[in-house]
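Novice:
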Amino acid sequence: MYSIKKLILLSLFFPVTIYAQDIGSWNIYTSTRTVTSVSADENANIWISSTGGVEHYNSGDKQRTLTTLDGLSRLDGQTAIYDTNTSKFFVGYVDGSIDVIDTDSYEITNIGDIERFPNFTEKGINDFALYENELYVATDFGIVVFDIVGEFVTNSFNSLGSLSRGISVADIEVKNDSIYCATAEGVAIGALDDELTVSTNWISYDESNGFVTDIVTAIGVQGSRIYASTGSENYLFESGSWNTNVQFGSRIISDYLFLDSFFIASSEQTIFYGIDLNSLNQETVETNVNSVFFEPTSDNIYFGTFDRGSGIFNISDEQTQFLTPDGPYQNFFSALNFDGEILIAASTNESARNSAIDNGKGYYIFENNEWVNVNSQNNTSLGALGYKQAFTSTITDEYYYFGAWGRGVARHAKNSGEVRVFDETNSTIRGWEDDDPLFPVISGLATDTNDDVWLVSRYGTNPLYYQSPGDDDWVAFPKVSGLNSQDEYVGLFIDSFNQKWITLQNSTVDGTGLLVIDTGNPSDASDDIGVKLISGESSGNLPDEQVNAIIQDKNEEVWIGTGRGIARFIFPQFITQTSNPSERNAQWLINEDTSAVSRFLLRDVNVSAMAVNGANEKWIGSTNQGIWVLNAEGSRIEKRFTAENSPLISNNIISIAVNDITGEVFIATDLGLVSYQDVSQGAFSSMKELKVFPNPFTYSRHDQIIIEGLVDDTLVRVLGVDGTVVASFNTSGGRVSWNGLDNSGNQLGTGVYFVVSTDNSGSEKGIGKVVIIK
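Each number in our numbering corresponds to the 1-based position in the sequence shown with 102 added.
1) Output yes or no for whether 8 angstroms exceeds the beta carbon distance between ILE531 and SER559.
2) Note down, one range per segment and in chain order, each alpha helix (DSSP H) of at least 4 residues found wholly within the segment 533 to 587.
3) By Cβ distance below 7 angstroms, which residues in the same chain neighbour SER865 in space, the five residues on each side in sequence not counted?
4) Assuming the contact rule is C-beta atoms closer than 8 angstroms, THR407 and VAL394 should be a hit. Round their C-beta distance to whole Å, please.
5) Note down, in chain order, each residue of its chain lying with its Cβ closer than 6 angstroms to the Cβ of TYR104, except the 5 sequence neighbours on either side.
6) So, helix, strand or coil for TYR121, using DSSP?
7) Tell me the rounded alpha-carbon separation between THR744 and CYS283.
8) So, helix, strand or coil for ALA320, using DSSP?
9) Any idea if LYS602 is buried or exposed, counting beta-carbon neighbours within 10 angstroms, 16 or more meaning buried?
10) Considering Cα atoms alone, identify which of ALA651, THR527, PRO539, ASN145 is closest to GLY665.
11) Quick check on this structure: which residue in SER710, ASP861, SER334 has the alpha carbon closest to the alpha carbon of ASP612?
12) With a cut-off of 8 angstroms, does the C-beta of ILE807 fall near any C-beta of chain B?
13) Looking at the secondary structure, which residues open and close the alpha helix (DSSP H) in which ARG218 lies?
14) Cβ of PHE504 within 7 angstroms of any heavy atom in the ligand ATP?
15) For ARG686, which three-state DSSP category applies?
16) Beta strand (DSSP E) containing ASP163: first to last residue?
17) Which residues in the same chain have their Cβ closer than 7 angstroms to the Cβ of SER334, if we skip the five residues on either side of it in sequence?
18) Could you check if ALA713 is buried or exposed, using at least 16 other CB atoms within 10 Å of its CB as the buried criterion?
19) Starting from ILE377, follow the beta strand (DSSP E) in both directions and report where the run begins and ends.
20) Using a Cβ distance threshold of 8 angstroms, determine whether the segment 733 to 744 contacts the segment 412 to 422, with at least three qualifying pairs required.
21) Quick check on this structure: which residue in VAL828, VAL387, TYR184 has the alpha carbon closest to the alpha carbon of SER369?
22) Could you pull the start and end residues of the beta strand (DSSP E) that ALA231 belongs to?
23) Assuming PHE702 and ASN708 form a contact by the criterion Cβ under 8 angstroms, report the distance between their Cβ atoms to the nearest whole angstrom.
24) Would TYR463 pass as a contact of GLN491 if the rule is Cβ separation under 8 angstroms?
25) Can the beta-carbon of GLU766 be found less than 8 angstroms from the beta-carbon of ASP780?
26) Look at the alpha carbon of TRP304 and the alpha carbon of THR527, and state the distance between them as a whole number of angstroms.
27) Count the other CB atoms, across all protein chains shown, that sit within 10 Å of the CB of PRO430; report buried if there are 16 or more and exposed otherwise.
28) Smallest Cα separation from GLU297: which of GLU309, LEU262, VAL289?
29) Identify whether ILE459 lies in helix, strand or coil by the three-state DSSP scheme.
30) For the candidate residues ARG176, LEU232, TYR159, SER199, whose alpha-carbon lies nearest to that of THR186?
31) What residues match up with ALA717 in a beta bridge as DSSP calls it?
32) Can you tell me the Cα-Cα spacing of ALA717 and ILE809, whole angstroms?
33) Counting beta carbon pairs with one atom in the segment 284 to 294 and one in the segment 256 to 273, are three or more of them shorter than 8 angstroms?
34) To the nearest angstrom, how far is it from the Cα of VAL660 to the Cα of PHE676?
35) Let me confirm a value: LEU750 is counted as buried when at least 16 other C-beta atoms fall within 10 Å, else exposed. Which label applies?
36) Any idea what DSSP makes of SER859, helix, strand or coil?
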């Protein structure tokens, strides 16, 4: 074995470059603009829970953002509270889990007692209250009490007076040695001195005793007064009876806060505050408020918002500042695409039935680690036409295009940032004829090899349109003749032969097959050739007629992901040209593992997204089953990622895109956006010096050696200093992983090794070297 001194001498004769590369690492790109709870202390520490993780600020400067990569159970905290006595920040989630964050060390522990509780299906955490070293938790099935120091359950209350057992508690106050609960059926009050596991020891107010029939969403207590609100009315309990509370006018209160004699209440864009309840001050902010907190030593009211992060209103100088975070505007992502190293993404076609949220559902441009958010709230062109709910995208040389649900298509100029919207009011695009006004749902967008953009306007009489670069309008194409009258054009993919692959649905079935169109001369609809592919053996041989994803790989094969498996068309260019039905049949993926239960790989997977990396491997996303990475031929599973075995934040995959230059894979899920740094990347145009890392490589510390700088389809050979070939393998793409073993599977001896690569023609050669320590 070589001594350290000999290794140093070798390194002098054979200089080694060390490259740092986080192969296999994960990142989360999260929006923390929607704040669910905010707390602060007298030292200007601000702790915030949001739908995208937890943030810590001090004196207005961000100190840390915590996500699931740091140990959070989830990203989307529903409520939180800060205990200054123990320096702990408690975060509650929809599944019943609670994270406890040590605010000094950022260490995170999880309390899973409620999540594991078997007696109730709905276990969401809705609110917290602190009282005498105990944490009172309002849940979907009642109240649970924890010892703060020991973090264990001390009690639970599921029967609150005459209210239904297991009633959902939306808001909770613990004051005056009593618990006050806003529930789905009214208000419940229990004295802590009583045995509250006994339902008769609770006082409840509901429709049976003259209170309300609605869900009570907020509650506050000051002395003998009880304030409560439903979704439509404010109430006040005083002198033994409930009455409508008119002191807030028509504004419905969503959050009450009493601190000694100081009072705060929030309602949409208004914060009420003061000591004299008959003469309240009010501050109007520019966005919807959903939580409030008061820190008396600074005179600051802290509040969370739906779309601007947190705000700080100082009651002394009446000034407001916002802690608006960087990053994506929302945690909705779809239709991921790469323009070189620039990621573009749409948001979602789903509506929250809330204008403050829906108007932010535009699109994103991510470049050099900076996010550009474009939506109706910050762009006048989009705002003027009410553009929102973007969910499809495509790229041309000069523009980005984003299609929306019922709002047309936005064209974003790359150089100037100018945005133009095409809809039924200013273009030939038409949508759902039964709607008034017309409703253009742009469910498909793609660019052909001529840089023309094509779109599908779902439900339109003429559902297919195209636009040449810079045109001011769109050319409409009628449906291909011979289709079932119920078939609707939905998704759109254009292959390298300029054939349009259109997924089909109807009003009762999620999938009715696949339509492949050769449009010939784009200006002449009469020369179009259309072929419908379905599941029959002589009619396309699709694994399922619900087609959800289409890609073309580096061998020009077209792969389709369906509701039940994957198939590929090896010669897609013949589909619209041949008269032989067998030449139009898809080939299902054959599992190379002959011992597998099914001979077809991923036969029963509901595929939702697909992408191809630099090594021609296929990334397969699914509905609620996570991700598979397949080899180039689709015969073997190379990697498997789920929320259970990796930092993937959800198993429900919406879209996948690969940055060929870096190899980073971006994954849109129903809970947000994550990325994985893959080994594979796009091939280099030429080879010279190869990057080899880690360097030196030690078997006890490392499990792979990365070789980077390769052209496509190369032979890589590893040579000892005497020229002997100790390992060799073929690869495609610009980067490959080698396990450091020789051709017989054995570890190599300590020393310097040369890495030599040549392309298939022998015209390109790359050289690198690595020190291996056994």
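Every residue, glycine too, gets a C-beta built ideally from N, C-alpha and C.
Specialist: In this structure, then:
1) As a working note, residue 531 is residue 429 in the sequence shown. As a working note, residue 559 is residue 457 in the sequence shown. Yes, the pair counts as a contact, with Cβ atoms nearer than the cut-off.
2) none
3) In the sequence shown, counting from the first residue as 1, residue 865 sits at position 763. Taken in chain order, the list of residues that qualify is empty.
4) Start at 1 with the first residue of the sequence shown, and residue 407 comes out as number 305. Start at 1 with the first residue of the sequence shown, and residue 394 comes out as number 292. Actually they are not in contact, since the Cβ atoms of THR407 and VAL394 sit about 11 angstroms apart, beyond 8 angstroms.
5) Taking the sequence shown and counting its residues from 1, the one referred to as residue 104 is at position 2. With a pLDDT of 39 at TYR104, under the threshold of 50, the modelled position of this residue cannot be trusted; read the value that follows with caution. Taken in chain order, the residues that qualify are THR852.
6) By 1-based counting over the sequence shown, the position of residue 121 is 19. Any reading at TYR121 needs caution, since the residue's pLDDT is 47, under 50, leaving its predicted position unreliable; the model's value is listed next. The answer is coil: DSSP assigns TYR121 none of H, G, I, E or B.
7) Counting from one through the sequence shown, the residue named residue 744 turns up at place 642. Counting from one through the sequence shown, the residue named residue 283 turns up at place 181. Each residue's Cα considered, the two are about 38 angstroms apart.
8) Position 218 of the sequence shown, counted from the first residue, corresponds to residue 320. Strand at ALA320.
9) Looking up residue 602 in the sequence shown gives position 500. Buried, by the Cβ-count rule.
10) If you number the sequence shown from 1, residue 665 lands on position 563. Cα-wise, what sits closest to GLY665 is ALA651.
11) Start at 1 with the first residue of the sequence shown, and residue 612 comes out as number 510. With distances taken between Cα atoms, ASP612 lies closest to SER710.
12) Considering every chain present, this structure includes no chain B. It has just one protein chain.
13) If you number the sequence shown from 1, residue 218 lands on position 116. It spans 215 to 218 - the alpha helix (DSSP H) in which ARG218 sits, taken as one unbroken run.
14) The ligand ATP is not among the ligands present in this structure, which contains no ligands whatsoever.
15) Along the sequence shown, read from residue 1 onward, the residue named residue 686 stands at position 584. Residue state, collapsed to three classes: helix.
16) Taking the first residue of the sequence shown as position 1, residue 163 is located at position 61. Note, ASP163: beta strand (DSSP E), 163 to 168.
17) Translated into positions along the sequence shown, residue 334 becomes position 232. So the list reads ASP316, ILE354, once near-sequence residues are dropped.
18) The residue labelled residue 713 in the question sits at position 611 within the sequence shown. So ALA713 counts as buried.
19) Stepping through the sequence shown from its first residue, residue 377 is reached at position 275. Element bounds for ILE377: n/a, residue is neither H nor E.
20) no
21) In the sequence shown, counting from the first residue as 1, residue 369 sits at position 267. Check the Cα spacing between SER369 and each of VAL828, VAL387, TYR184: the tightest is with VAL387.
22) Against the sequence shown, residue 231 aligns to sequence position 129. Segment 227 to 233, the beta strand (DSSP E) holding ALA231.
23) Position 600 of the sequence shown holds residue 702. Position 606 of the sequence shown holds residue 708. With a Cβ gap of about 15 angstroms, PHE702 and ASN708 do not count as contacting.
24) Translated into the one-based positions of the sequence shown, residue 463 becomes position 361. Translated into the one-based positions of the sequence shown, residue 491 becomes position 389. What sits at residue 463 in the sequence shown is Lys, not Tyr. Closer than 8 angstroms, so yes.
25) For the purposes of this step, residue 766 is taken as the residue at position 664 of the sequence shown. For the purposes of this step, residue 780 is taken as the residue at position 678 of the sequence shown. For GLU766 and ASP780, yes; Cβs fall inside 8 angstroms.
26) Counting from 1 along the sequence shown, the entry for residue 304 is found at position 202. Counting from 1 along the sequence shown, the entry for residue 527 is found at position 425. Per the coordinates, the alpha-carbon of TRP304 lies some 60 angstroms from the alpha-carbon of THR527.
27) Locating residue 430 in the sequence shown gives position 328, counting from the first residue. Buried: at least 16 other Cβ atoms inside 10 Å.
28) Within the sequence shown, residue 297 is the residue found at index 195, counting from 1. Considering only alpha carbons, the answer is LEU262.
29) As a working mapping, residue 459 is identified with position 357 in the sequence shown. Three-state DSSP puts ILE459 in a helix.
30) The sequence position of residue 186 within the sequence shown is 84, counting from 1. Looking at the Cα atoms, LEU232 is the closest of the given residues.
31) Residue mapping note: residue 717 aligns to position 615 of the sequence shown, counting from 1. Answer is none; ALA717 lacks a bridge partner.
32) Against the sequence shown, residue 717 aligns to sequence position 615. Against the sequence shown, residue 809 aligns to sequence position 707. C-alpha separation (whole angstroms): 13 angstroms.
33) yes
34) Within the sequence shown, numbered from 1, the residue matching residue 660 stands at position 558. Within the sequence shown, numbered from 1, the residue matching residue 676 stands at position 574. Answer to the nearest angstrom: the Cα atoms are 12 angstroms apart.
35) As a position in the sequence shown, residue 750 is number 648, starting the count at 1. LEU750 comes out buried.
36) The residue given as residue 859 occupies position 757 in the sequence shown. Three-state DSSP puts SER859 in a strand.
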